[in-house]
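A.B. asks: Taking UniProt numbering, I'd label the letters of the sequence shown as residues 1 to 88.
No residue lacks a Cβ here, since even glycine has one placed at the ideal position from N, Cα and C.
Mind looking over this structure? Questions follow.
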Amino acid sequence: DARAWLDAVELDAERGILAHVDPRRLDVILANLIGNALKHGGSPVRVSVRVEPPAERPDGTAGSGDQLVIRVRDHGPGVPEEVLPHVF
1 DARAWLDAVE
11 LDAERGILAH
21 VDPRRLDVIL
31 ANLIGNALKH
41 GGSPVRVSVR
51 VEPPAERPDG
61 TAGSGDQLVI
71 RVRDHGPGVP
81 EEVLPHVF
């Protein structure tokens, strides 16, 4: 039940953020990340939403346009390092 998440998730988001996203995909992604965080890391789960300047590329050049950054943090042990290459 989505309402059960209200007490377990802390949201830190700036007001007035506008972004061109696919709302269905974003909903699925956030539901998966938050659900996994609650299942494996317990509450509280912290979700932050920010607009940040573009990150520097590996070749040292600057990216273009601001980027939307969404972070989901929990208190779990994290994904084992040997599994990380297979996550995405």
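1) Where do the ends of the beta strand (DSSP E) carrying residue 46 lie?
2) For the 8 Å Cβ check, are there 3 or more pairs between the segment 3-18 and the segment 29-47?
3) Could you check how far apart the C-beta atoms of residue 48 and residue 19 are, in whole angstroms? I think they sit under 8 Å.
4) To which residues of the same chain is residue 75 closer than 7 Å at the C-beta, ignoring the five residues directly before and after it?
5) Looking at the secondary structure, which residues open and close the alpha helix (DSSP H) in which residue 8 lies?
6) Can you look up residue 62 in the DSSP assignment and give me helix, strand or coil?
7) If residue 72 and residue 26 are in contact, beta carbons under 8 Å, what's the gap, nearest whole angstrom?
8) Secondary structure at residue 34, three-state DSSP: helix, strand or coil?
9) Give the range of the beta strand (DSSP E) segment to which residue 71 is assigned.
C.D. replies: With the given structure in hand:
1) Within the sequence shown, numbered from 1, the residue matching residue 46 stands at position 46. Start and end: 45-52.
2) yes
3) As a first step, residue 48 must be located in the sequence shown, where it is residue number 48. As a first step, residue 19 must be located in the sequence shown, where it is residue number 19. The Cβ separation is near 14 Å, so there is no contact.
4) The count along the sequence shown starts at 1 and reaches residue 75 at position 75. Result list for residue 75: 41, 42, in chain order.
5) Against the sequence shown, residue 8 aligns to sequence position 8. Here residue 8 belongs to no alpha helix (DSSP H), and DSSP marks it neither H nor E.
6) Numbered from its first residue, the sequence shown carries residue 62 at position 62. Strand, per DSSP.
7) Along the sequence shown, one-based indexing puts residue 72 at 72. Along the sequence shown, one-based indexing puts residue 26 at 26. 12 Å between Cβ atoms; not a contact.
8) Taking the sequence shown and counting its residues from 1, one reaches residue 34 at position 34. Here residue 34 sits in helix by DSSP.
9) Residue numbering aside, residue 71 sits at position 71 when the sequence shown is read from its first letter. Element bounds for residue 71: 67-73.
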